[in-house]
Amino acid sequence: MLTIHTIRENKDLVIQRLAVKNFDGEELIDQILTIDGDRRTTQTELDNLLASQNSIAKQIGELFKSGKQAEANDLKNKSTALKDESKVLSDKLGDLEKQMNELMVRIPNLPSTQVPAGRTPDDNEVVYQSVATLPELSANALPHWELTTKYDLIDFELGVKLTGAGFPVYKGKGAKLQRALINFFLDKATAEGYGEVQPPILVNEDSGFGTGQLPDKEGQMYHVGIDNLYLIPTAEVPVTNIFRDVIVKSEELPIKLTAYTPCFRREAGSYGKDVRGLNRLHQFDKVEIVQVAHPDHSYSILESMRNYVASLLHELELPFRTLKLCGGDMSFASALTYDMEVYSAAQKRWLEVSSVSNFESFQSNRLKLRYREGNNKPALAHTLNGSALALPRIVAALLENNQTENGINIPKALVPYTGFNTIEN
RNA sequence: GGUGAGGUGCCUGAGAGGCCGAAAGGAGCAGUUUGCUAAACUGUCGUACGUGGAAACAUGUACCGAGGGUUCGAAUCCCUCCCUCACCGCCA
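Per this note's numbering, the first sequence starts with residue -19, numbered consecutively.
Structural data, given as structure tokens:
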């Protein structure tokens, strides 16, 4: 969330930036500022009351010591009266803080000045495309959900039996391909300087709040009620929460971490051809990269992360494009997002495989993730993350784009990891 | 799951109703000095919010796991919850 300082000191700018996300913040921000003013005067009053109570309590102590019981008792009564008064004020202050917080969390992050205006995915700006002409397959080319059956790579039906739709069972070379991709992505990330971590895939409520899944989006996560834990929708949650309530030294920045985890998404309400095969799953594998950065460097780091993800797609020889998301298509928390989409030649459509974002201090403010420069006061760090990469749609594109009459070819870069260079019957 | 112990600042660790935002030591930072793979000394050394200030800073309040309570006054007493550790049980 935004800080109250940002809102208080740059009200007009905030409203104007929010408009790029098609968010009309004027009324909300006025409400917040009104409550904030009220909150501050209430705190001043309360602090003064408490200060006099403190000083009375101190006097009483001294009076007792010197045996002046009567005077002490007078002061006691006075203090009791003040206590009632301050109780009222502190309840009021608590209410105001709560109200303010409830409004604050409804304000999205401000989009960076680079963000193009727009409402729908059609307004996203294509900033890069790896091939001039899109690959065309022969007329009898198959979509991946048929290829996985033909070559016995994935059993969707079996997954339904074991768990339900959206929980595929990978088999044989299909399973091996998963493992190969995970290792490939992790090796590449570590070579790029990301420290590998293997976090828990269940998290507590505090972590859900830290990265913003809670309180609003709990319907999108699987919840283990008996222990009140959530299955992670992305490694971003546990990895970013490593830094919750942490003050790092500025010389430790940037901090770069990578993690492979399974991810779990309920995707409530999704249906139709978009969810066919591997296009959308309830459980899938992903390697995530996360950086904690100094505010001065977060945008150059975003570019480097974007380039890094692009390099993976080049190595996998997949046609892809990079989009700079328009205001209307960006997530609530992001200040600037690049989406990477691979072209799925059999489906003849672009599939999102990565989303790389700079959250600036929006997440840090929730997390209380700060850095300290020398002996200065702590300041909010910037956080960034990106998929590098999510497996299912990569697999879909690999299978579809590389199909031949004799089988499916594995890109050279992956062969050391798979141990085979074609998938055939 | 059972039993016991315990949660204090960056760390170790004292404090057991007022003199405690909190001893002492360590780490860190700044400086002085001796000098050479370091030592000694001095100072500094939590966070948040508020008020004043352009700022440096000053000042008020809150925070000793969390939330309640008792009291004029709570790190300290009481209640609830959470967590950690140890041992036993179970177990990949």
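Ideal placement from N, C-alpha and C gives every residue a C-beta, glycine not left out.
Cα-Cα separation, residue i to residue j
{"i": "E77", "j": "F147", "result": "43 Å"}
{"i": "P358", "j": "Q343", "result": "16 Å"}
{"i": "K236", "j": "G199", "result": "30 Å"}
{"i": "F339", "j": "I181", "result": "22 Å"}
{"i": "G154", "j": "A313", "result": "35 Å"}
{"i": "S311", "j": "L296", "result": "28 Å"}
{"i": "L434", "j": "R256", "result": "Past the edges of the chain, shown from -19 to 405, lies residue 434, and the structure says nothing about it."}
{"i": "L364", "j": "L194", "result": "19 Å"}
{"i": "A325", "j": "S187", "result": "39 Å"}
{"i": "N259", "j": "I374", "result": "10 Å"}
{"i": "H274", "j": "T402", "result": "45 Å"}
{"i": "L13", "j": "T(-14)", "result": "11 Å"}
Limits of the alpha helix (DSSP H) - the one that residue i falls within
{"i": "F264", "result": "Not the alpha helix (DSSP H): F264 falls in the beta strand (DSSP E), residues 263 to 273."}
{"i": "A376", "result": "371 to 381"}
{"i": "D10", "result": "6 to 45"}
{"i": "V322", "result": "Run containing V322: none in the alpha helix (DSSP H); it sits in the beta strand (DSSP E), 316 to 324."}
{"i": "N287", "result": "278 to 295"}
{"i": "L309", "result": "According to the sequence displayed, residue 309 carries Asp and not Leu. Unbroken run through D309: none, as it is neither H nor E."}
{"i": "T(-7)", "result": "The question names Thr, but residue -7 in the sequence shown is Leu. L(-7) -> alpha helix (DSSP H) spans -9 to 0."}
{"i": "T398", "result": "395 to 398"}
Boundaries of the beta strand (DSSP E) in which residue i is found, first to last residue
{"i": "Y351", "result": "349 to 352"}
{"i": "K304", "result": "300 to 304"}
{"i": "T425", "result": "Nothing in the structure corresponds to residue 425, since the chain is present only between -19 and 405."}
{"i": "I388", "result": "387 to 389"}
CA nearest to the CA of residue i, picked from the options
{"i": "L73", "options": "T241, A52, L62, D18", "result": "D18"}
{"i": "F3", "options": "E340, I390, Y279, A97", "result": "A97"}
{"i": "L(-7)", "options": "G144, K168, F189, N89", "result": "N89"}
{"i": "M356", "options": "P213, V228, V111", "result": "It is Asn, not Met, that sits at residue 356 in the sequence shown. Nearest option by C-alpha distance: V228."}
{"i": "L114", "options": "G188, F136, Q327, F244", "result": "Q327"}
{"i": "P234", "options": "V272, R260, Q178, T402", "result": "V272"}
{"i": "V183", "options": "A215, I390, P91", "result": "A215"}
{"i": "V488", "options": "N259, S110, A61, N382", "result": "Here the chain has residues from -19 to 405 only, and residue 488 is not among them."}
{"i": "V333", "options": "E353, R352, L298, V85", "result": "L298"}
{"i": "A368", "options": "L117, I134, K348, F164", "result": "F164"}
{"i": "D207", "options": "F189, E185, P218, T241", "result": "E185"}
Beta bridge counterpart(s) of residue i as assigned by DSSP
{"i": "F342", "result": "DSSP lists no partner for F342."}
{"i": "E247", "result": "E247 is not bridged to any residue."}
{"i": "S367", "result": "E268"}
{"i": "A359", "result": "Y351"}
{"i": "I403", "result": "I388"}
Contact test: residue i Cβ vs the ligand ADP heavy atom, cutoff 7 Å
{"i": "I9", "result": "This structure simply doesn't include the ligand ADP, nor any ligand for that matter."}
Within the region 166 to 229, note down every full alpha helix (DSSP H) run reaching 4 residues or more, in order along the chain. Taken in chain order, the complete alpha helix (DSSP H) segments of 4 or more residues contained in the region 166 to 229 are 185 to 190, 216 to 221.
What are the uninterrupted segments assigned as alpha helix (DSSP H) that are 4 or more residues long and contained completely in the region 83 to 171, given in chain order? 124 to 130, 136 to 142, 152 to 171
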